[in-house]
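> Take this structure, written in structure tokens, and hold onto it; I'll ask about it next.
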């Protein structure tokens, strides 16, 4: 049995990051200004 809670996959194996969420972060364009850097860090920081 497994489920997704707040972007994390919970299963009998433990807690993992949902692969679909990682793909979204990987496809983000490279930041070119301060606003873009803050946006990227906000997305990436959630999955630390």
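In our numbering, the protein residues as written are 2 to 49. A virtual CB, placed ideally from N, CA and C, is assigned to each residue, including glycine.
(1) Ends of the beta strand (DSSP E) at residue 4?
(2) Suppose contacts are defined by Cβ-Cβ distances below 8 Å. Is residue 24 in contact with residue 12 by that definition?
(3) Which residue's Cα is closest to the Cα of residue 19: 8, 28, 26 and 45?
Based on what the coordinates show:
(1) 3–6
(2) no
(3) 8
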